[in-house]
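Below is one structure, written out as structure tokens, with a few remarks after it.
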Amino acid sequence: MQVSSLNEVKIYSLSAGRSLPEWLSDRKKRALQKKDVDIRRRIELIQDFEMPTVSTKIKVSRDGQYIMAVGTYKPRVRCFDTYQLSQKFERCLDSEVVTFEILSDDYSKIVFLQCGRFVEFHSQHGHYYRTRIPKFGRDFSYHYPSCDLYFVGASSEVYRLNLEQGRFLNSLQTEASESNVCDINPVHFLFAVGTAEGKVECWDPRTRNRVGLLDCALSSVTADTEIDGLPSISALTFDGALNMAVGTSTGQVLLYDLRSSNPLIVKDHHYGLPIKSVQFQRQLDLIISADSRIIKMWNKDTGKMFTSMEPEHGINDVCLYPNSGMLMTANEAPKMNIYYIPVLGPAPKWCSFLDNLTEELEENPESTVYDDYKFVTRKELENLGLAHLIGSTLLRAYMHGFFMDIRLYHKAKMMANPFAYEEYRREKIRQKIEETRAQRVQLKKLPKVNKELALKLIEEEGEEQQISRKRKQKNLPSLLKDDRFKVMFENPDFQVDEQSEEFRLLNPLVSKISEKRKRKLKILEELEAKGEEEEEEPEGKASDAESSESSDDEKGWVEEVRKQRKLLRQEEKLKRRERSKEDQQTLLKPQFFEIKEGEEFRSFKDSAKKQKLMKKTLEDRLKLEEKLGTLNVSDTTVGSKQATFKLKKSEQQRKQQEAEKLHRQERKTLRRPASHLKSKRGRGRLFH
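Heads up: the sequence shown begins at 14 in the working numbering, then just goes up one per residue.
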């Protein structure tokens, strides 16, 4: 059983057991079930309370015994008997169900509005009758006094089907192009239609005339709301004779008194998602509104947030079990969620044991399985010396880090830093001592960290106090006494490094000012050592001299910056010399390199020649290339100069050309003796 709390309102999720990590293997889960009694005894309130893929609508019969839900896939309806805590029956349908209504007190009379414009009636034994409406339907309501079904959908008309006569009656003509939702007031039977244009039309079923029109789209837009398009009505419900709640497609819920055209409260979900369901909880005067992401409960008089729930999967429908604190949801997941909120009311009669169970849980709060694991990042693993375990079964990757067993973590931490506890204990003792010292009468002392900065602030505060006294203004709060900056004068990590390059360049006059402060610091330390109660102001120069010095400092700040830069350069040179000396002192070990096959070793002279050549000017390099024959510079007819380059052949290409040349010469030498013999034979015959 998962327990969550928001605004001190406890919410018990009965559809899930104890919180188990998703990455645990089946074997590990079975082992936990054997060891842990709580996991083995987790609650399954209604057996197989789920759908194959998705559940779309869920309702409770008026007698409270049966819970009916529709979903996919295949399209089906399931009925659960609360007295037996199990499924009573299941019926498959030809097409998906848009919405349905239980007409009787039990499951004996049900009407389904399906996707293909079909209206299907079911009795106790099963399918009873099927008819069709002219346009695709989106919602319907049942008028009990006249036995009329009112269908709204992708049309401006509201179709009426009389179940007593078994025929369609004259439809109601609205001003809207399409209608999304409808509802009938249970007290005076006023029929309300929510349109796609963001309006609510109210009709009297007795006279079949429109008696009112509310422009909810205009009223839903306030100074704080941001909407992308025209809000349409997506949810509608009545409470008593005068109250009506309307949900829009842009995520606003409007509460109306039927006697006024202006909403009493406009509540924004701040998600921009259509409102799926709106219900009233009369015991605590709450409104329960839900979109596909969150369920919110808020006070209908003040609009103050009571609590909220964010299920893991998208919400399709919400059903509040009557006169109890149980809430059920149809989700974009196979399992349908059941929540129990004791503040809303007691548990239903068929599961009254929940009250005792929740009381025991409040007395003995339980820990989750996540307490057995520690989440660590990759950097923490490296600090503990456990980076080699990445990829093993001891670490389970999750988000930007890993889960590991808490016992292994404690052992590794003790081995990595065995004196961590002792240091922590000493630090705690020191803090306690400091706290007790703070209660005593203390002298005015400077902090241990950033003493010069504290002295500067004290001097500035003294000057500001004098100015404020003259101008009769209020003194500003001291930074030294401010809790937000207290750590800056206590933690040594916040110590200002005056030797850093940034500090010296950004504060060129700090050297002269710091000297004055250092003198004062020495005097103050001597006074503290002597134990004097009153601190005498150190003797200094006259105010005229100080003002002249400050003016000289302001004039010569550029010279100070230059001096600081020169000093920094000198320090860098000294550092380089020290590094070069260290490099000379270190013995270089000989390194051996292996030459690839098919390549000859070339001396290092080539690289030296190239470096010398790169140091020469462009003119010298061009002259050298002209001598080698790789560059040819000539004058053109226009008067400009033209330069042609010949790319140097690589060593491999040169060898290849030489081999081809030798091959040609060999072939020529082989051809010559054969031709010579032929000529001799010819001559012999002629002379013969």
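We put the beta carbon where it would ideally sit given N, CA and C, even for glycine.
Neighbour-count burial assignment, residue i, 16 or more Cβ in a 10 Å radius
| i | result |
| --- | --- |
| Gly-404 | exposed |
| Arg-91 | buried |
| Thr-66 | exposed |
| Ser-187 | Inspection of the sequence shows that residue 187 is occupied by Thr rather than by Ser. Buried. |
| Phe-415 | buried |
| Cys-160 | exposed |
| Gln-512 | exposed |
| Gly-207 | buried |
| Gln-624 | exposed |
| Met-627 | exposed |
| Glu-448 | exposed |
| Asn-430 | exposed |
| Gly-475 | exposed |
| Ala-433 | exposed |
| Phe-498 | exposed |
| Leu-666 | Note that residue 666 is Gln in the sequence shown here, rather than Leu. Its Cβ having fewer than 16 others within 10 Å, Gln-666 is exposed. |
| Phe-366 | exposed |
| His-138 | exposed |
Close Cβ partners of residue i (< 6 Å) along its chain, the five nearest in sequence each way excluded
| i | result |
| --- | --- |
| Ala-346 | His-326 |
| Ile-59 | Phe-93 and Leu-98 |
| Cys-105 | Lys-87 and Arg-89 |
| Lys-426 | none |
| Lys-122 | Leu-116 |
| Lys-681 | none |
| Gly-166 | Lys-148, Phe-149, Gly-150 and Arg-151 |
Nearest candidate by alpha-carbon position, reference residue i, set the options
| i | options | result |
| --- | --- | --- |
| Phe-314 | Asn-336, Arg-306 and Leu-267 | Per the sequence presented here, residue 314 reads as Asp, with Phe not at that position. Closest option to Asp-314, Cα to Cα, is Leu-267. |
| Ser-117 | Leu-580, Ser-168, Tyr-79 and Ile-146 | Tyr-79 |
| Thr-261 | Leu-249, Arg-40, Phe-102 and Leu-271 | Leu-249 |
| Tyr-386 | Asp-161, Gly-398, Leu-37 and Phe-498 | Leu-37 |
| Ile-246 | Gln-508, Leu-174 and Met-257 | Met-257 |
| Leu-19 | Asn-275, Val-356 and Thr-342 | Val-356 |
| Met-501 | Arg-667, Val-224, Pro-359 and Lys-464 | Lys-464 |
| Val-389 | Asp-495, Gly-166 and His-413 | His-413 |
| Met-428 | Lys-445, Lys-594, Glu-440 and Gly-398 | Gly-398 |
| Pro-218 | Thr-235, Cys-229 and Leu-185 | Leu-185 |
| Val-462 | Glu-591, Ala-343, Leu-226 and Pro-505 | Pro-505 |
| Glu-3 | Glu-177, Asn-183 and Gln-678 | Past the boundaries of the shown model lies residue 3; the chain is included only from 14 to 701, so the question cannot be answered. |
| Asp-61 | Ala-82, Lys-48 and Gln-46 | Ala-82 |
| Gln-508 | Ile-446, Lys-494, Pro-460 and Cys-364 | Pro-460 |
| Thr-235 | Arg-438, Met-349, Glu-595 and Lys-280 | Lys-280 |
| Arg-180 | Leu-162, Gln-577, Leu-587 and Ala-44 | Leu-162 |
| Asn-344 | Tyr-334, Pro-324 and Trp-363 | Pro-324 |
| Glu-393 | Lys-588, His-423 and Asp-368 | His-423 |
| Leu-421 | Tyr-411, Thr-406 and Glu-435 | Thr-406 |
Any chain D beta carbon closer than 7 Å to residue i
| i | result |
| --- | --- |
| His-135 | No chain D is present in this structure, which holds just one protein chain. |
Beta-carbon proximity check, residue i vs residue j, cutoff 7 Å
| i | j | result |
| --- | --- | --- |
| Gly-211 | Pro-158 | no |
| Ala-303 | Lys-317 | no |
| Ile-278 | Gln-292 | no |
| Cys-332 | Val-73 | yes |
| Ile-328 | Leu-27 | no |
| Trp-216 | Phe-204 | yes |
| Phe-251 | Asn-336 | no |
| Ser-68 | Gly-84 | yes |
| Pro-276 | Ser-232 | yes |
| Asp-330 | Lys-42 | no |
| Glu-638 | Leu-644 | yes |
| Met-310 | Ile-24 | no |
| Met-339 | Pro-361 | yes |
Spatial neighbours of residue i in its chain, beta-carbon cut-off 7 Å, leaving aside the 5 residues before and after
| i | result |
| --- | --- |
| Val-111 | Leu-126, Gln-127, Cys-128, Gly-150 and Arg-151 |
| Tyr-142 | Phe-134 |
| Asn-312 | Asp-298, Leu-299 and Phe-319 |
| Thr-144 | Val-132 |
| Val-22 | Phe-319, Thr-320, Ile-354 and Val-356 |
| Ile-146 | Arg-130, Val-132, Phe-164 and Tyr-172 |
| Leu-4 | Limits of the chain in this structure are 14 at one end and 701 at the other, which puts residue 4 out of reach. |
| Leu-466 | Val-509 |
Cβ shell of residue i (< 8 Å), same chain only, five flanking positions each side left out
| i | result |
| --- | --- |
| Tyr-284 | Gly-264, Asp-304, Arg-306 and Ile-307 |
| Glu-103 | Arg-89, Val-90, Arg-91 and Cys-92 |
| Ala-230 | Glu-210, Gly-211, Lys-212, Leu-243, Pro-244, Ser-245 and Thr-261 |
Quiz item: If you pair each beta-carbon of the segment 186 to 199 with each one of the segment 147 to 161, do three or more pairs fall below 8 Å?
Solution: yes
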